[in-house]
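Engineer:
Number of protein chains: 2
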Amino acid sequence: MVDPTSLDEIRMATDVEEMAKDAVRPDDRIDDERHDEENRLKRSYVARVRDALRDGDTQGVYDLVEPLHPADTADLLELIEEVDRANLAAAITDLMTPEVVAELNDHVRELMMEELAPADVATITEQMDTDDAVQLLEDLDEADRQAIIDELEPETQAAVESALSYPEETAGRLMNRHVMAVPEHLTVGDLIDYLRDEGDLEHDFYEVFVVDASHHPVGTCALNWILTTPRAIKLTDVMKRDQTLIPVTTDQEEVALMFQKYALISAAVVDESGRLVGQMTVDDVVHIISEEAGEDALLLSGAGDGDINEPIREAYSSRVRWLVANLGTAVVASAIIAFFGAAIEELVALAVLMPIVASIGGNAGTQTMAVAVRAIATNQLTRANTWRIVWRELRVALLNGATIAVLIGIAAGVLFSPEMGAVIALAMVVNIAISGLAGVLVPVAFERMGQDPAVASSVFVTMITDSMGFFAFLGLAVAAGLAPL
Amino acid sequence: MVDPTSLDEIRMATDVEEMAKDAVRPDDRIDDERHDEENRLKRSYVARVRDALRDGDTQGVYDLVEPLHPADTADLLELIEEVDRANLAAAITDLMTPEVVAELNDHVRELMMEELAPADVATITEQMDTDDAVQLLEDLDEADRQAIIDELEPETQAAVESALSYPEETAGRLMNRHVMAVPEHLTVGDLIDYLRDEGDLEHDFYEVFVVDASHHPVGTCALNWILTTPRAIKLTDVMKRDQTLIPVTTDQEEVALMFQKYALISAAVVDESGRLVGQMTVDDVVHIISEEAGEDALLLSGAGDGDINEPIREAYSSRVRWLVANLGTAVVASAIIAFFGAAIEELVALAVLMPIVASIGGNAGTQTMAVAVRAIATNQLTRANTWRIVWRELRVALLNGATIAVLIGIAAGVLFSPEMGAVIALAMVVNIAISGLAGVLVPVAFERMGQDPAVASSVFVTMITDSMGFFAFLGLAVAAGLAPL
Chain A
1 MVDPTSLDEI RMATDVEEMA KDAVRPDDRI DDERHDEENR LKRSYVARVR
51 DALRDGDTQG VYDLVEPLHP ADTADLLELI EEVDRANLAA AITDLMTPEV
101 VAELNDHVRE LMMEELAPAD VATITEQMDT DDAVQLLEDL DEADRQAIID
151 ELEPETQAAV ESALSYPEET AGRLMNRHVM AVPEHLTVGD LIDYLRDEGD
201 LEHDFYEVFV VDASHHPVGT CALNWILTTP RAIKLTDVMK RDQTLIPVTT
251 DQEEVALMFQ KYALISAAVV DESGRLVGQM TVDDVVHIIS EEAGEDALLL
301 SGAGDGDINE PIREAYSSRV RWLVANLGTA VVASAIIAFF GAAIEELVAL
351 AVLMPIVASI GGNAGTQTMA VAVRAIATNQ LTRANTWRIV WRELRVALLN
401 GATIAVLIGI AAGVLFSPEM GAVIALAMVV NIAISGLAGV LVPVAFERMG
451 QDPAVASSVF VTMITDSMGF FAFLGLAVAA GLAPL
Chain F
1 MVDPTSLDEI RMATDVEEMA KDAVRPDDRI DDERHDEENR LKRSYVARVR
51 DALRDGDTQG VYDLVEPLHP ADTADLLELI EEVDRANLAA AITDLMTPEV
101 VAELNDHVRE LMMEELAPAD VATITEQMDT DDAVQLLEDL DEADRQAIID
151 ELEPETQAAV ESALSYPEET AGRLMNRHVM AVPEHLTVGD LIDYLRDEGD
201 LEHDFYEVFV VDASHHPVGT CALNWILTTP RAIKLTDVMK RDQTLIPVTT
251 DQEEVALMFQ KYALISAAVV DESGRLVGQM TVDDVVHIIS EEAGEDALLL
301 SGAGDGDINE PIREAYSSRV RWLVANLGTA VVASAIIAFF GAAIEELVAL
351 AVLMPIVASI GGNAGTQTMA VAVRAIATNQ LTRANTWRIV WRELRVALLN
401 GATIAVLIGI AAGVLFSPEM GAVIALAMVV NIAISGLAGV LVPVAFERMG
451 QDPAVASSVF VTMITDSMGF FAFLGLAVAA GLAPL
């Protein structure tokens, strides 16, 4: 039945590059009339959809959208203006698959779901994987959510309610409840026979979890091990016993770090008593990794969620609170300046130069803080090496401070006076050194207090670098006798 | 042969939570004497290893390290002080597996490899996957690298040299050259038979790529589809034809976005003529996603690579250049202050208040910039919605500006004079609006020019917010007749 020459063509190819020559470019997703070279929907394509929509050409809209991958359809809904979204969704109802809804930006999805009847949302939810369904529901407000849950099939209802009983961003909330779990006495052949009879193609899985009689995971089998092993071999002889188990209460950030650290493709989620209750798979974790790693830049800047689809009201409220906090710290810096008012009145050069000291100090502090926050987030900066890293950052800061001090010292010395050059140079070294220390110590302190160091470090570091910059510069100028107090 | 009752226990479990009750906590990797609750090596454990090393207790060191997962052994080498690293590696030679070396931080690995003879590094390289081997070699300097390549087996040598012929951070450099590629006329049964005979367990794979006679990919088969399909079915009937192909020259950032967008587990890499030459798998992409998403916070702050293991000299040189650039922009702001020297001399309150305007403006600009840079990096801010987002950010900025203006206007009105309150309030609105615009327009402009918006946006946005802050405040004060020019 098997043509033996065909098998020669199968290979774990290390030499594929030397193979067949005559070739045409494959018809892939890139470089078509809808996507630009970076695989984003083209502006011209989005405009064509919008124009067809506004002309009421429903069939035209459908024909334009029909060839898209669900992820691209979701992108289209995000890219098109808000006023057109409901019409677009209406024009492509049967293309609005659960995959599209799952791929939608949280804020856009929330707005769209609010326009639908609970029964319609329930129909969509019913077809989604539990983890996606939960993501859809958790963002809605309490009343809307309950109305939809009431419409669900009892089985989905139970799964969704169980997920919602765990805190947000924990494994229990995020896990997929479909798990391929098999007893330990099976052979490879038993498993394959069972899968052929009973397996469904609907739920992808990458590993089979082997469990004991009380449903505790005892090992995992990668599917490629099963495929490369004779039928008679027992699963317990191919499975990997050393597995990473994720307790249901684990925070998503930690789940993401585990997947990265141990290069996992999927992992068993276990309840308090160690029984298998679900799995996390890498395709979901990929979104968490991207979100967790990307949010630090946003949190450090005080931009909150920082999503361009966030309603303006929410964006305003999350950002303005940090600006108000910044106003508080700026007032501290102002008070220090006011204290040296007489000196500035006498020597206006001080007012001209003082923002330079504060600005460079702020920048140096931000650099160190970004490094420290990232190192903490990736578990590289721990209790085991804190002091070594503080000392390292201080040395970098002293080198930076010395360099900047020479440059600004010479410039101020020439433009103003040698004494002024010396004062600003010294102030610069002091402020950059303090900034370097603050940049690492503040985030470390927040972490030790159980706070996310990315959230509030910025305000404190800025306050320290601004105040110390003004104080060091103006204080040294007075001490050097350049101006009166 | 198969016990029928056993098969009942196999299930795609949606109801696993209701299963077996009696249970003990599984022996997982968390909460042991080596790891803290966040799965990081404990300070006390690292100290025990260090003490044993310094006492010359080689066996003690070995016994401590032996139970560790390779990823933890790599962490240990990073956490321990630099002076102890070579001794630690010597004490655990046979635990220094290719997996450990592959998991090491780039900088730590580079330092350690420099201490070994080329032949020893070659032996390690030989046992690694090509993609890991290339990562190890690409960081070394030219001469060291060539010496090691010369020691490699011809086959590995060819694979490594082929990889190094592609630019850094492209699919050609990063891909795994081991691909499971099979011809299109096979059945599921043929494939399983072949895998049992010939497949090795050494290289994990998650999908089988189906290729035509000239080695062009025509579809992919997930392993779970193969396992759930009867033997007689042809692969072409189970495979997914709509696949994402990655050209060899694709940048890693784009590869990462494709994996996220299409929830890929692996993807075929094709050469210029569309032939299959390798694959990218999600476990490697996970590192790229984390790196690309995390580096924005570092780049925005001007901290360069921002790795705590980077040698001090490199950290200094990457950071000081941005401080020098910042010095340049601070001088522009200073020049504006100097221009208003007479006003400040007359009214020292201006010097006291002006840093507030600049500071809040800078913060508002940084918020918008962080949002814009993230949205560009995730392909959410594209040509199709740029003006909508600019308008959105301007509205958020005006709301923020109005709020802050009221607060500072009242405070300054009470503490100084109503005119001063009005001037600073108006200056604040102007500066925050400008900051909001600059925060989105500057990164968008860099992106359109083909530059990474995270790299240089900060310097420009800071310059704009500082200068405009001082100019708006001092200029309005003069215009209002509060002080002379």
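Quick mapping for you: the protein sequence lines, in order, are chains A and F. According to UniProt numbering, the first sequence is numbered sequentially starting from 1. According to UniProt numbering, the second sequence is numbered sequentially starting from 1. A virtual CB, placed ideally from N, CA and C, is assigned to each residue, including glycine.
List, in chain order, every chain F residue whose beta-carbon is nearer than 7 Å to that of A:H69.
Structural biologist: Neighbourhood of A:H69 in chain F, by CB distance below 7 Å: Y262, in chain order.
Engineer: Under 7 Å between beta-carbons, which chain D residues line up against A:L223? List them in chain order, please.
Structural biologist: The chain inventory of the structure shown lacks chain D, comprising the protein chains A and F.
Engineer: Does any residue of chain A have a CB that is nearer than 9 Å to the CB of F:P355?
Structural biologist: yes
Engineer: Starting from A:E207, trace the alpha helix (DSSP H) both ways and give me its first and last residue.
Structural biologist: Where A:E207 is concerned, there is no enclosing alpha helix (DSSP H), although the beta strand (DSSP E) it sits in stretches over E207 to V211.
Engineer: Exposed or buried, F:D150, counting other C-beta atoms within 10 Å across all chains shown (16 or more means buried)?
Structural biologist: It is exposed - the Cβ of F:D150 has fewer than 16 other Cβ atoms within 10 Å.
Engineer: Out of F:E37, F:D32 and F:E33, point me to the one whose CA is closest to A:G450's CA.
Structural biologist: F:E37
Engineer: Report the rounded CA-to-CA distance for F:Y194 versus F:A181, giving the unit in angstroms.
Structural biologist: 12 Å
Engineer: Any contact of the stretch 299-315 of chain A with the stretch 196-210 of chain A, i.e. 3+ C-beta pairs under 8 Å?
Structural biologist: no
Engineer: Counting C-beta neighbours from all protein chains within 10 Å, is the total for F:E142 16 or more, i.e. buried, or is it exposed?
Structural biologist: It is exposed - the Cβ of F:E142 has fewer than 16 other Cβ atoms within 10 Å.
Engineer: Go to F:A47, then tell me how far its alpha helix (DSSP H) extends in each direction, as first and last residue.
Structural biologist: Looking at the DSSP string, the run of the alpha helix (DSSP H) that includes F:A47 is R43 to R54.
Engineer: Along the stretch 279-298 of chain A, where does the CB come closer than 7 Å to a CB of chain F? Name the residues.
Structural biologist: V282, D283, V286, H287, I289, S290, A293, G294, D296, A297 and L298
Engineer: Looking at the structure shown, is residue 494 of chain A part of a helix, part of a strand, or coil, going by DSSP?
Structural biologist: Lying before the first or after the last residue shown, residue 494 of chain A is absent from chain A, which here runs from 1 to 485.
Engineer: Using a cut-off of 7 Å between C-beta atoms, extract the partners of residue 486 of chain F located in chain A.
Structural biologist: A question about residue 486 of chain F goes unanswered here, because the residues of chain F that appear run from 1 up to 485.
Engineer: By alpha-carbon positions, which one of A:I408, A:V444 and A:Q279 ends up nearest to A:H203?
Structural biologist: A:Q279
Engineer: Closest to A:N385 by C-alpha separation, out of F:R50, F:L79 and F:K42, would be which residue?
Structural biologist: F:L79
Engineer: CB of A:T130 to nearest heavy atom of the ligand ZN: below 8 Å?
Structural biologist: For the ligand ZN, the structure offers nothing, since it holds no ligand at all.
Engineer: Look up A:L276 in the DSSP assignment and say whether it is helix, strand or coil.
Structural biologist: strand
Engineer: Opposite A:R234 in the DSSP bridges: which residues?
Structural biologist: The sequence given here places Lys at residue 234 of chain A; Arg does not occur at that position. Its beta-bridge partners are A:T187.
Engineer: In the DSSP assignment, what are the bridge partners of F:G219?
Structural biologist: F:V210
Engineer: Taking a Cβ distance cut-off of 7 Å, strictly less, list which residues of the stretch 230-246 of chain F are near chain A, in chain order.
Structural biologist: P230, T244 and L245
Engineer: Tell me whether the beta-carbon of F:M174 lies closer than 9 Å to the beta-carbon of F:Q260.
Structural biologist: The sequence given here has Leu at residue 174 of chain F, not Met. Cβ distance not < 9 Å, so F:L174 and F:Q260 don't count as in contact.
Engineer: How many Å lie between F:D75 and A:V390 at the Cα?
Structural biologist: Cα to Cα, F:D75 sits roughly 19 Å from A:V390.
Engineer: Bridge partners of A:A456, per DSSP?
Structural biologist: None, per the DSSP bridge assignment.
Engineer: A:L300 and A:A370 - do their beta-carbons sit closer together than 9 Å?
Structural biologist: Here A:A370 is near A:L300, since their CB atoms are less than 9 Å apart.
Engineer: Are the CB atoms of A:A349 and A:D466 nearer to each other than 9 Å?
Structural biologist: no
Engineer: Name, please, each residue of chain F whose Cβ falls closer than 8 Å to the Cβ of A:M258.
Structural biologist: N39
Engineer: Answer yes if the stretch 157-174 of chain A comes into contact with the stretch 130-147 of chain A, meaning at least three C-beta pairs across the two stretches below 8 Å, and no otherwise.
Structural biologist: Counting C-beta pairs closer than 8 Å gives three or more between the stretch 130-147 of chain A and the stretch 157-174 of chain A, which meets the contact rule.
Engineer: Can you tell me the Cα-Cα spacing of A:E292 and A:E419, whole angstroms?
Structural biologist: 49 Å
Engineer: Based on DSSP bridge pairs, tell me the residues matched to A:I246.
Structural biologist: In DSSP, A:I246 forms a bridge with A:V269.
Engineer: Whose C-beta lies closer than 7 Å to the C-beta of A:L41 among residues of the same chain, with five residues either side of it excluded?
Structural biologist: R34, H35, D72, D75, L76 and L79
Engineer: Taking only beta-carbon atoms, is A:D475 less than 9 Å away from chain F?
Structural biologist: The sequence shown places Gly at residue 475 of chain A, not Asp. A:G475 does not count as touching chain F.
Engineer: Tell me whether F:W387 is buried or exposed, calling it buried when 16 or more other Cβ atoms sit within 10 Å of its Cβ.
Structural biologist: Flag for F:W387 reads exposed.
Engineer: If we count the other Cβ atoms within 10 Å of its Cβ and call it buried at 16 or more, is A:L485 buried or exposed?
Structural biologist: Per the 10 Å Cβ criterion, exposed.
Engineer: Taking the CB atoms as reference points, tell me whether A:T403 and F:V320 lie closer together than 9 Å.
Structural biologist: In contact: A:T403 and F:V320 (Cβ atoms closer than 9 Å).
Engineer: Should F:S44 go down as buried or exposed, given a rule of 16 or more other Cβ atoms within 10 Å for buried?
Structural biologist: exposed
Engineer: Look at the alpha carbon of A:V478 and the alpha carbon of F:G304, and state the distance between them as a whole number of angstroms.
Structural biologist: One C-alpha to the other measures close to 37 Å.
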